[in-house]
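S.K.:
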Amino acid sequence: MIVRLAWRSIWRNKRRTLITMTSISLGLTIAIFFTALVEGVFRQVVNEAIRMQAGHITLENPEYQTSPAVDLRIGGVENLRRRIEGIEAVEQTKLLIWGQGVANSGAGGVGVMVMGVEPSVEMKTSPLAQDIVAGAYLADSDDRMVVLGGHLAEQLKLKLGSKIVLTTNNAQGQLVEELCRVKGIFRTGSDEIDGYLIQIPATFARRVFGLGDDEATQLGVILKRPGDQAVVIDAITPMVAGKDIAVLPWQSILPEVASFIRLRRTSNGVFQGLLFVIILFTILNTLLMSVIEREREFAVLLALGTPVRQLKGQLFVESACIACLGGLAGMVLGGSLALALQIWGLDLASIMPKGVTISGFAVSTTIHANLTPPILYWIGGIVLGATLLLSFMPMRRITQVHIAETLR
Amino acid sequence: MAKIVEVSSVAKDYGEGGIITHALRGVDLVLMAGEFTSMAGPSGSGKTTLLNIIGGLDRPSSGTVHIEGIEITQLPGTQLSRIRRDRIGFIFQSFNLIPVLTAFENAEYVLMLQNVDKEQRVERVMRVLREVGLEGLEHRFPRELSGGQQQRVAIARAIAPEPALVLADEPTANVDSETGRSLMELMRRLNEEKGITFLFSTHDRAVMERARRLIKLRDGQIIEDTEPRNL
Chain A
1 MIVRLAWRSI WRNKRRTLIT MTSISLGLTI AIFFTALVEG VFRQVVNEAI
51 RMQAGHITLE NPEYQTSPAV DLRIGGVENL RRRIEGIEAV EQTKLLIWGQ
101 GVANSGAGGV GVMVMGVEPS VEMKTSPLAQ DIVAGAYLAD SDDRMVVLGG
151 HLAEQLKLKL GSKIVLTTNN AQGQLVEELC RVKGIFRTGS DEIDGYLIQI
201 PATFARRVFG LGDDEATQLG VILKRPGDQA VVIDAITPMV AGKDIAVLPW
251 QSILPEVASF IRLRRTSNGV FQGLLFVIIL FTILNTLLMS VIEREREFAV
301 LLALGTPVRQ LKGQLFVESA CIACLGGLAG MVLGGSLALA LQIWGLDLAS
351 IMPKGVTISG FAVSTTIHAN LTPPILYWIG GIVLGATLLL SFMPMRRITQ
401 VHIAETLR
Chain B
409 MAKIVEVSSV AKDYGEGGII THALRGVDLV LMAGEFTSMA GPSGSGKTTL
459 LNIIGGLDRP SSGTVHIEGI EITQLPGTQL SRIRRDRIGF IFQSFNLIPV
509 LTAFENAEYV LMLQNVDKEQ RVERVMRVLR EVGLEGLEHR FPRELSGGQQ
559 QRVAIARAIA PEPALVLADE PTANVDSETG RSLMELMRRL NEEKGITFLF
609 STHDRAVMER ARRLIKLRDG QIIEDTEPRN L
């Protein structure tokens with residue numbers, strides 16, 4: 001009887017019920033869509049950053065983060081990467097050799113970050129290898145070849161095949177100068193990367209920086225599913241026990257990216273929270289109105305001997321029906337829009353300038369959403385929970401109904 | 409015959425501070441099982457207040473009310489609610505049916521509160537709807553019924569739980585005189601055939617004459633308590 005009364009009561013004023021459900025539904029749609037959109041942007045940035053750099057998990061010298069120097073390297077990397085690649089959740093490992101130096105050409109010298117990479121691995125994993133706009137990317141067999149950013153090439157007036165001299169210090173503290181040739185020029189969209197980064201093959205990098213064949217600055221681990229990060233860290237940690245190697249999540253390697261995402265998530269949460277409060281007021285207003293309008297009816301039901309808790313139950317069911325129907329519609333609509341954006345993406349090239357970066361990493365002008373089940377569960381759950389909590393306020397009014405006065 | 413209602417020295421005051429309205433001033437009343445009693449009096453004489461207090465919808469400022477020997481004025485809300493559900497039927501001036509329930513469901517409502525099993529409920533509700541002349545209209549919603557038919561549903565709702573007492577506040581006030589007469593005949597017949605005790609308030613002289621006992625109130629006091637033919 002409670003359910004029958006509640007269900008028929010909510011459809012007594014169809015327009016009001018539909019307006020309330022639409023409010024819930026639209027609020028939820030906006031919340032789900034924008035959360036998935038923002039998460040999609042974050043995922044793209046993180047994905048590009050970790051694939052360009054040292055993966056979801058990075059193995060490096062414990063002191064490297066505080067004072068990055070070429071002599072802070074790790075050894076035994078080939079054995080380690082074989083064992084790590086044996087973990088099911090691991091997609092790929094990659095070696096990186098980092099150093100700083102000066103790139104000189106006939107036009108002058110510029111301070112650069114030199115990144116020694118395994119070209120065949122980078123071709124599979126790094127977006128930078130796909131951003132070549134002139135020439136070609138490195139090959140494993142290349143020696144004394146570099147690829148560099150478009151801005152750097154312009155500054156040093158370099159073309160394909162031009163000579164470039166790298167001056168740096170090796171791990172032994174000696175000054176090293178190496179003559180190389182430009183094999184390719186990339187443009188990632190980030191001024192920082194395009195104006196500062198030079199990539200060279202790892203074998204050449206080891207020679208330049210004086211590292212052994214089994215040594216690297218970082219061993220990066222790329223995961224099949226980013227959510228497995230903690231599990232894989234737990235699996236790797238015993239492998240490096242007793243060695244001078246730290247196993248770090250990408251958030252420690254790229255703290256500025258992680259902080260940016262945290263900050264944006266928080267501000268996004270505050271914005272959505274405010275929107276949500278406005279929607280909740282609409283719902284509360286509707287629920288209160290529906291009780292005030294029916295005070296006489298509640299007085300009659302009480303006069304007939306209906307227990308107060310049963311009337312409260314009826315109101316709770318009414319709120320639950322409205323919240324569930326509105327919430328379901330919002331989840332379907334918001335989820336569908338987000339899913340469409342996830343599959344087909346949205347090209348914002350016409351309204352978004354090229355070169356937008358987050359912490360130095362370029363944001364693609366084609367945005368894909370990232371709709372995950374927790375986004376649906378959490379946002380849907382919060383809306384449902386809050387609406388049900390709100391129903392307690394109109395419930396209180398029932399306890400204040402004075403039967404004789406209301407029926408007079 | 410058993411006492412169904414015993415009202416002793418009941419007073420009811422409204423208002424606060426300096427302005428106090430004395431709605432009832434020391435009313436004493438006894439209703440025996442099977443009585444068919446009408447209360448009359450001008451507006452503000454205390455008829456509705458007395459019905460509300462007897463029905464446990466309001467509490468007196470002083471005095472006691474016994475329903476079938478149970479003193480109800482000091483009962484907690486839940487127990488009072490149970491007495492209303494099981495022992496008292498209400499018929500209101502403006503019908504007060506639940507608009508989202510059909511005639512059948514309105515009459516069935518209190519039986520559901522009493523946890524009467526479905527088979528019995530259907531049998532009892534169909535019987536009372538037949539008794540009040542609503543056979544064939546049981547699936548209509550209140551908005552699809554005339555005023556007289558709605559009041560018949562209200563009567564069916566009041567008698568379906570087989571209460572000891574039915575309280576009716578101006579039950580014919582919102583219907584035309586012919587419908588009012590037929591409603592009174594219906595209640596009188598139910599009283600005679602089923603022995604249900606009725607107490608109703610009215611302004612209508614024709615209605616008063618259908619009662620077997622007439623109580624007249626003025627200024628919160630019973631000024632006459634007699635059979636109508638002695639008026």
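As they're listed, the protein sequences go chains A and B. The numbering of the first sequence is our numbering, which starts it at 1 and goes up by one. The numbering of the second sequence is our numbering, which starts it at 409 and goes up by one. Glycine included, every Cβ here is placed at the ideal spot set by N, Cα and C. All of these numbers come straight from a predicted model, not from anything done at the bench.
Should the segment 30-41 of chain A be called in touch with the segment 333-349 of chain A, which here means at least 3 C-beta pairs below 8 Å?
M.R.: With the cut-off at 8 Å, the segment 30-41 of chain A and the segment 333-349 of chain A touch.
S.K.: Looking at chain B, is there any beta carbon in it that lies within less than 9 Å of the beta carbon of SER25(A)?
M.R.: With 9 Å as the cut-off, SER25(A) does not count as an interface residue toward chain B.
S.K.: Kindly say whether LEU275(A), judged by its beta-carbon, lies nearer than 9 Å to any beta-carbon of chain B.
M.R.: No, LEU275(A) lies away from the interface with chain B (no Cβ there is under 9 Å from its Cβ).
S.K.: Please classify THR429(B): is it buried, with 16 or more other beta-carbons within 10 angstroms of its beta-carbon, or exposed?
M.R.: THR429(B) should be labelled exposed.
S.K.: Cutting at 8 Å between CB atoms, please list the residues of its own chain near ASP194(A), excluding the five before and the five after it.
M.R.: So the list reads GLY149, GLY150, HIS151, LEU152, PHE186, ARG187, THR188, once near-sequence residues are dropped.
S.K.: Less than 9 Å between CB atoms is the rule here; does VAL257(A) satisfy it with respect to chain B?
M.R.: Taking Cβ atoms only, chain B never reaches closer than 9 Å to VAL257(A), which makes this a no.
S.K.: Around the Cβ of LEU160(A), are there at least 16 other Cβ atoms within 10 angstroms (buried) or fewer (exposed)?
M.R.: The residue in question, LEU160(A), is exposed, as its Cβ has fewer than 16 Cβ neighbours within 10 Å.
S.K.: Pull up the CB-CB distance for CYS321(A) and ILE24(A), whole angstroms please, since I reckon it's below 8 Å.
M.R.: About 11 Å; that fails the 8 Å criterion.
S.K.: Going by the DSSP bridge assignment, what does GLY101(A) pair with across the sheet?
M.R.: Beta-bridge pairing links GLY101(A) to VAL112(A), THR168(A).
S.K.: Are the C-beta atoms of SER453(B) and some chain A residue less than 9 Å apart?
M.R.: With 9 Å as the cut-off, SER453(B) does not count as an interface residue toward chain A.
S.K.: Using a Cβ-Cβ cutoff of less than 7 Å, which residues in the same chain neighbour PHE500(B) once the five nearest sequence positions on both sides are dropped?
M.R.: Excluding positions up to five away in sequence, the list reads ALA562, ASP577.
S.K.: Please list the partners that ARG12(A) has in chain B, where partner means a Cβ-to-Cβ separation under 9 Å.
M.R.: Ordered by position in chain B, the residues that pass the 9 Å Cβ test against ARG12(A) are PRO507, VAL508.
S.K.: Per DSSP, which residues does PHE444(B) bridge with? Please list them.
M.R.: DSSP lists PHE606(B) as partners of PHE444(B).
S.K.: Report the rounded CA-to-CA distance for GLN629(B) versus ALA410(B), giving the unit in angstroms.
M.R.: Going by the C-alpha atoms only, they are around 25 Å apart.
S.K.: For SER252(A) and ARG225(A), I'd like the C-alpha separation in whole angstroms.
M.R.: Approximately 18 Å, taken between the alpha carbons.
S.K.: With a threshold of 8 Å, are at least 3 pairs of Cβ atoms found where one atom belongs to the segment 603-616 of chain B and the other to the segment 567-575 of chain B?
M.R.: They touch, by the three-pair rule.
S.K.: Would you verify that the beta carbon of VAL536(B) is, or is not, closer than 9 Å to some beta carbon of chain A?
M.R.: Cβ-Cβ to chain A under 9 Å: no for VAL536(B).
S.K.: Roughly how many angstroms lie between the CA atoms of ARG8(A) and VAL317(A), to the nearest whole one?
M.R.: Approximately 11 Å between the Cα atoms of the pair.
S.K.: In chain B, which residues lie less than 9 Å from VAL300(A) when you measure between Cβ atoms?
M.R.: PHE498, PHE500, ASN504, LEU505, ILE506, listed in chain order.
S.K.: Can you tell me whether PRO484(B) is buried or exposed, with buried defined as 16 or more other CB within 10 angstroms of its CB?
M.R.: Classification for PRO484(B): exposed.
S.K.: At a CB distance below 8 Å, what residues from the segment 283-309 of chain A approach chain B? Give them in sequence order.
M.R.: Result list: ARG296, GLU297, VAL300, LEU301, LEU302, ALA303, LEU304, GLY305, THR306, PRO307, VAL308.
S.K.: With a threshold of 8 Å, are at least 3 pairs of Cβ atoms found where one atom belongs to the segment 417-427 of chain B and the other to the segment 365-373 of chain A?
M.R.: Contact between the segment 417-427 of chain B and the segment 365-373 of chain A is absent, because fewer than three Cβ pairs lie under 8 Å.
S.K.: To the nearest angstrom, report how far apart GLN310(A) and LEU263(A) are at their CA atoms.
M.R.: Those two C-alpha atoms are separated by around 46 Å.
S.K.: What would DSSP say about PRO373(A), mapped onto helix, strand or coil?
M.R.: Three-state DSSP puts PRO373(A) in a helix.
S.K.: Which residue from ARG408(A), LEU96(A), GLU122(A) puts its Cα closest to that of VAL114(A)?
M.R.: Of the listed residues, the one whose Cα sits closest to VAL114(A) is LEU96(A).
S.K.: So with CB distances below 7 Å, who are the chain B contacts of ILE403(A)?
M.R.: LEU465, listed in chain order.
S.K.: Who are LEU96(A)'s beta bridge partners in DSSP?
M.R.: Answer is VAL117(A), GLN218(A).
S.K.: The alpha helix (DSSP H) that contains GLU617(B), what's its start and end?
M.R.: Here the alpha helix (DSSP H) through GLU617(B) covers 613-618.
S.K.: Under a Cβ-count criterion, where at least 16 other Cβ atoms within 10 Å of its own Cβ denotes burial, should SER470(B) be classed as buried or exposed?
M.R.: SER470(B) is exposed by the Cβ-count criterion.
S.K.: Under 9 Å, do MET440(B) and SER609(B) count as touching if we go by C-beta distance?
M.R.: Taking 9 Å as the Cβ cut-off, MET440(B) and SER609(B) do not qualify as a contacting pair.
S.K.: Mapping the DSSP letters down to three states, classify GLU581(B) as helix, strand or coil.
M.R.: Looking at the sequence shown, residue 581(B) is not Glu but Ala. Note: ALA581(B) maps to coil in three-state DSSP.
S.K.: Buried or exposed, going by whether 16 or more other CB atoms sit within 10 Å of the CB of SER259(A)?
M.R.: Burial call: exposed.
S.K.: First and last residue of the beta strand (DSSP E) that includes LEU509(B)?
M.R.: Note, LEU509(B): premise wrong, no beta strand (DSSP E); not H, not E.
S.K.: Going by beta carbon distance, what residues of the same chain come within less than 7 Å of ARG596(B), once the five residues before and after it are set aside?
M.R.: Closer than 7 Å at Cβ, skipping near neighbours: PHE444, ARG618.
S.K.: Closest Cβ-Cβ distance between LEU639(B) and chain A: below 9 Å?
M.R.: The predicted position of LEU639(B) is uncertain, since its pLDDT is 44 and thus under 50; no value can be drawn from it.
S.K.: Mapping the DSSP letters down to three states, classify HIS151(A) as helix, strand or coil.
M.R.: Looking at HIS151(A) - three-state DSSP - the assignment turns out to be helix.
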